[in-house]
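Novice:
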Amino acid sequence: MVQDVYGDPRDVLRLRDADPPAPGERQVLVRVAATSVNPADVYFVTGVPRLVRLGTGLRRPRRRIPGGDVAGVVEAAGPGVTRLRPGDAVFGRCTGAFAELAVAAEDDLAAKPEAMTFPDAAAVPLAGTTALQAIRDVARVRAGQRVLVVGAGGGIGGFAVQLARHFGAEVTGVCGTGSVQRVRALGADHVIDHTREDFTAGDTRYDVILDNVAARPLPRVRRVLAPAGVLIPNSGRGRLAGLDRIVAARLTGLFTRQRMATFVARDRRDDLVTLAGLVEAGALIPPVGATYPLADAAAALAEVAAGHARGKLVIVP
Ligand SMILES: NC(=O)c1ccc[n+]([C@@H]2O[C@H](COP(=O)([O-])OP(=O)(O)OC[C@H]3O[C@@H](n4cnc5c(N)ncnc54)[C@H](OP(=O)(O)O)[C@@H]3O)[C@@H](O)[C@H]2O)c1
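Numbered per numbering that gives the first Met the number 0, the sequence shown spans residues 0 to 316.
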């Protein structure tokens with residue numbers, strides 16, 4: 000799926016033949032078995048929020064093929080690759096995954112366990128590692144804590160609900176009506192339907208709030224945060240790509256015992272290995288909502304862009 004200009008995915012993405020990319024130093028060429036959609040792919044294809052163009056190309060997208068999550072089989076190895084060989088089944092982060100072949104750094108890929116399907120593996124990289132880093136490293140969730148996941152019906156939220164439960168927390172998920180059953184099935188102890196109830200109006204105080212949506216003002220969200228609780232504002236949406244909320248949270252954090260914990264997820268191979276181990280052990284189910292053929296990638300992107308995706312949307316070439 001190739002784009003020459005920024006715009007609505009349905010207008011600018013075309014299914015076209017393209018030259019296969021060549022793996023560089025310590026990179027491999029991966030035959031894509033599946034990829035998945037993240038809000039970041041929407042930002043890169045549309046060029047909105049405009050701030051992202053500083054990284055992706057001011058007038059036109061520098062990279063013409065979207066897609067950063069991949070599961071597939073190593074086709075060829077570039078110079079200096081030591082760990083991977085052609086034929087290895089892998090998953091992780093790459094560039095240009097909305098294609099039959101994509102290039103990835105060896106260090107951004109982990110072995111795909113046989114027990115994990117390619118579509119499940121493709122759902123894990125960005126959303127899974129972001130959820131893991133938020134719940135385990137940033138919030139340091141412990142047994143017995145009360146954790147609130149806003150946007151539990153989405154990709155990061157679906158992983159975060161399960162991971163917080165895995166670390167022994169009592170988990171409440173906030174999602175739309177269409178995701179209530181699914182979020183409960185992922186293990187949430189309580190589910191709040193945001194179309195019927197305002198989670199900031201309740202009496203419960205949470206030790207940790209992972210806010211993937213930013214639909215409610217920060218002071219309202221803090222109202223339901225425990226006096227020494229941790230709030231992670233994790234939305235990249237909005238004109239300023241969430242930066243305004245991050246700055247507001249940081250400033251607020253100077254004047255309160257509540258910890259305002261902003262963070263940017265990092266690609267870490269160790270985290271992929273951890274997540275694969277949890278999936279293999281049956282402790283984590285990648286929250287795949289639907290699978291699309293590559294030719295319908297624009298529809299999957301439009302669904303995520305609309306802001307109410309149910310689970311991870313996976314694309315298979
Ligand atoms: N910090 C970082 O480094 C980092 C890394 C990756 C992504 N992110 C950001 O994290 C955010 C979430 O990403 P994602 O992959 O989970 O997105 P996603 O899969 O599109 O999920 C968003 C979910 O939020 C739900 N939602 C919408 N309005 C809601 C509301 N008022 N209350 C509760 N839920 C609501 C949506 O559906 P329903 O309303 O139907 O439930 C949807 O399921 C994005 O803004 C992304 O940019 C940050």
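C-beta atoms are modelled at their ideal positions from N, C-alpha and C, and glycine is treated no differently. Quick caveat: nothing in here was measured; it's all calculated off a predicted structure.
(1) How close, in whole Å, do the beta carbons of Glu99 and Val11 come, if the pair is a contact with beta carbons under 8 Å?
(2) Return helix, strand or coil for Gly252, following the three-state DSSP convention.
(3) Could you pull out every residue in the same chain whose Cβ sits closer than 7 Å to the Cβ of Arg164, ignoring the five residues on either side in sequence?
(4) What whole-angstrom Cβ distance do Lys311 and Pro285 have, given they're in contact under 8 Å?
(5) Once the 5 residues before and after Ala289 are set aside, which same chain residues still bring their CB inside 6 Å of it?
(6) Among Val140, Gly175, Cys174, Arg183, which one has its Cα closest to the Cα of Leu162?
(7) Considering only residues of the same chain and omitting the five flanking positions on each side of Ala33, which have a CB-CB separation below 6 Å?
(8) Buried or exposed, going by whether 16 or more other CB atoms sit within 10 Å of the CB of Gln2?
(9) Would Pro8 and Val44 be called neighbours here (beta carbons separated by less than 9 Å)?
(10) Does the beta-carbon of Gly241 have 16 or more other beta-carbons within 10 angstroms, so that it is buried, or is it exposed?
(11) With a cut-off of 8 Å on the beta carbons, I'd call Ala264 and Gly237 a contact; round off their distance for me.
(12) Here's the rule: buried if 16 or more other CB atoms are within 10 angstroms of the residue's CB, otherwise exposed. What is Ala305?
(13) Can you pull the DSSP bridge partners for Met259?
(14) Taking the C-alpha atoms as reference points, what is the distance between Thr203 and Arg249?
(15) From Ala247 to Phe254, what distance separates their C-alpha atoms?
(16) Let me make sure I understand the geometry here. Which of Ala130, Ala114, Pro78 has the alpha-carbon closest to that of Asn211?
(17) What does a CB cutoff of less than 6 Å around Val272 pick up in its chain, not counting 5 residues either side in sequence?
(18) Given 8 Å as the limit, tell me if His189 has its C-beta closer than that to any heavy atom belonging to ligand 1.
(19) Taking 8 Å as the cut-off, is the beta-carbon of Pro38 closer than that to any non-hydrogen atom of ligand 1?
(20) Which runs of the alpha helix (DSSP H) fall wholly inside the stretch 124-164 and span at least 4 residues, in chain order?
(21) In whole angstroms, what separates the C-alpha of Ser178 from that of Ala296?
Specialist: Looking at the coordinates:
(1) Locating residue 99 in the sequence shown gives position 100, counting from the first residue. Locating residue 11 in the sequence shown gives position 12, counting from the first residue. That pair is no contact at about 20 Å.
(2) In the sequence shown, residue 252 corresponds to position 253, counting from 1. Three-state result, Gly252: helix.
(3) The sequence position of residue 164 within the sequence shown is 165, counting from 1. Result list for Arg164: Val170, Gly186, in chain order.
(4) For the purposes of this step, residue 311 is taken as the residue at position 312 of the sequence shown. For the purposes of this step, residue 285 is taken as the residue at position 286 of the sequence shown. Contact flag correct, Cβ pair sits at about 7 Å.
(5) What you label residue 289 is simply residue 290 of the sequence shown in a count that begins at 1. Leu312, listed in sequence order.
(6) Against the sequence shown, residue 162 aligns to sequence position 163. Residue Val140 is the option with its Cα nearest to Leu162.
(7) Along the sequence shown, read from residue 1 onward, the residue named residue 33 stands at position 34. Excluding residues within five positions, the ones whose Cβ falls inside 6 Å are Ala70, Phe117, Pro118, Ala121, Val313, Val315.
(8) Position 3 of the sequence shown, counting from 1, holds the residue named residue 2. Burial call: buried.
(9) Start at 1 with the first residue of the sequence shown, and residue 8 comes out as number 9. Start at 1 with the first residue of the sequence shown, and residue 44 comes out as number 45. Cβ distance < 9 Å, so Pro8 and Val44 count as in contact.
(10) On the sequence shown, residue 241 is found 242 positions in, with the first residue counted as 1. Gly241 is buried by the Cβ-count criterion.
(11) Counting from one through the sequence shown, the residue named residue 264 turns up at place 265. Counting from one through the sequence shown, the residue named residue 237 turns up at place 238. Contact doesn't hold; Cβ gap of about 18 Å is too wide.
(12) Here residue 305 is taken as the residue at index 306 of the sequence shown, counted from 1. Answer is exposed; the Cβ neighbour count stays below 16.
(13) Locating residue 259 in the sequence shown gives position 260, counting from the first residue. The partner list for Met259 (beta bridge, DSSP) reads Leu230.
(14) On the sequence shown, position 204 is the one that residue 203 refers to. On the sequence shown, position 250 is the one that residue 249 refers to. Straight-line Cα distance between these residues: approximately 24 Å.
(15) Locating residue 247 in the sequence shown gives position 248, counting from the first residue. Locating residue 254 in the sequence shown gives position 255, counting from the first residue. Their backbone Cα atoms lie some 12 Å apart in a straight line.
(16) What you label residue 211 is simply residue 212 of the sequence shown in a count that begins at 1. Minimum Cα distance to Asn211 is reached at Ala130.
(17) Here the question's residue 272 lines up with position 273 in the sequence shown. The residues are Ala109.
(18) Translated into the one-based positions of the sequence shown, residue 189 becomes position 190. Flag unset: Cβ of His189 not near ligand 1.
(19) Position 39 of the sequence shown, counted from the first residue, corresponds to residue 38. True, at least one ligand heavy atom lies under 8 Å from that Cβ.
(20) 124-131
(21) Along the sequence shown, read from residue 1 onward, the residue named residue 178 stands at position 179. Along the sequence shown, read from residue 1 onward, the residue named residue 296 stands at position 297. Computed Cα separation, rounded: 22 Å.
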